[in-house]
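Colleague: Okay, handing you the structure first.
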Amino acid sequence: MQKIANFIRDTQNSLAARVKITALKRPIKLVAGADASCYGNNIIGSACLFTYPSLDKLDKIDESIVIQETDFPYIPGFLSFREAPALIGAIKGLRHMPDAIIVDGQGIAHPRRIGLASHIGVLLDTVTLGAAKSRLIGTYEEPGMEKGSRSPLFDSAECIGVVLRSRTGVRPLFVSPGHLIDIDGAVDMVLSCLSRYRLPEPVRCAHNAASAARQQREAILLGPPSE
DNA sequence: GCGACAG
DNA sequence: ATCTTGTCGC
């Protein structure tokens, strides 16, 4: 029983040992956003592919959705075991593999430096970065209110990411490298993927697609409307 | 023991 | 994540 918890943690630690934080080695031409939605014990994984750099006109060139059942509950620090399979499935469903993936969740800004983005990066051997809507761990100073303002996220003396104001006046994003990229590279990518919303466009797109799919599934389960 | 705690 | 209407502000 408790042995299972140890196994899960050992698995996480061995994956953490494979995470590489380094400057980008190759230019990024295709970026994907990945997110999940859920209903009951089902996880809907979604991935949206965009050209990059998507300077002014964002070009969405593909979208993928997968639905998987799971029995793994949401446990802070172990989100990967619940959502990674569906997200990876969605990524693999894309017509082309992305050069980088922006994940709705943490990268190395995690107790064992293996958040959802890092976990997926290692398993897929792809560049990944996390853009989370809230904090899991770390201390920071509130960044300025203007879009682009940022402040470092620390775990003790180690900088594990950046708290970034993606849009003036909104709650900041928690950006951290996932795999095969560094903090500056992760922030640069998030900034160049922003349009007029709080979330990077690829992630926002994946989020919308996932929740739309969830609503459709629920409608089917409930059957046609009756009066 | 108490509080924190991605989605 | 999800349950949810109106409402304040740019």
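Per full-length UniProt numbering: the first sequence = residues 1 to 227. Idealized CB from N, CA, C, for every residue including glycine. These numbers come from a predicted model, not from an experiment.
Here's the rule I'm using: 16 or more other beta-carbon atoms within 10 Å means buried, otherwise exposed. How should Q106 be labelled?
Modeller: Q106 should be labelled buried.
Colleague: Skipping 5 residues on each side, what residues in its chain have a beta carbon closer than 7 Å to that of P111?
Modeller: These residues qualify, in order along the chain: G77, I137.
Colleague: Compute the Euclidean distance between the alpha carbons of A90 and V66, then round it to the nearest angstrom.
Modeller: Straight-line Cα distance between these residues: approximately 5 Å.
Colleague: Taking the C-alpha atoms as reference points, what is the distance between residue 263 and V163?
Modeller: Because the chain spans 1 through 227 in this model, residue 263 falls outside it and cannot be assessed.
Colleague: Could you spell out where the alpha helix (DSSP H) holding L116 opens and where it closes?
Modeller: Unbroken alpha helix (DSSP H) run through L116: 116 to 124.
Colleague: Would you report the Cα separation of G33 and A209, rounded to the nearest angstrom?
Modeller: For G33 and A209, the distance between alpha carbons rounds to 11 Å.
Colleague: Give, in chain order, every unbroken run of the beta strand (DSSP E) that is at least 3 residues long and sits entirely within the region 168 to 213.
Modeller: 173 to 179, all fully within the region 168 to 213.
Colleague: Grab the span of the beta strand (DSSP E) containing D10 for me, first residue to last.
Modeller: No beta strand (DSSP E) contains D10, which is instead part of the alpha helix (DSSP H) from 2 to 16.
Colleague: Quick one: what does DSSP say K92 is sitting in, helix, strand or coil?
Modeller: Here K92 sits in helix by DSSP.
Colleague: Going by CA-CA distance only, name the one from P202, Q215, H207 that's closest to P53.
Modeller: Taking only the C-alpha atoms, the option nearest P53 is P202.
Colleague: Under a three-way DSSP split, which group does P152 fall into?
Modeller: Here P152 sits in strand by DSSP.
Colleague: Name the DSSP beta bridge partners of residue 232, please?
Modeller: As shown, the chain starts at 1 and ends at 227. That puts residue 232 outside it, with no answer to give.
Colleague: Per DSSP, what kind of secondary structure is L79 in: helix, strand or coil?
Modeller: If DSSP states are grouped into helix, strand and coil, L79 belongs with coil.
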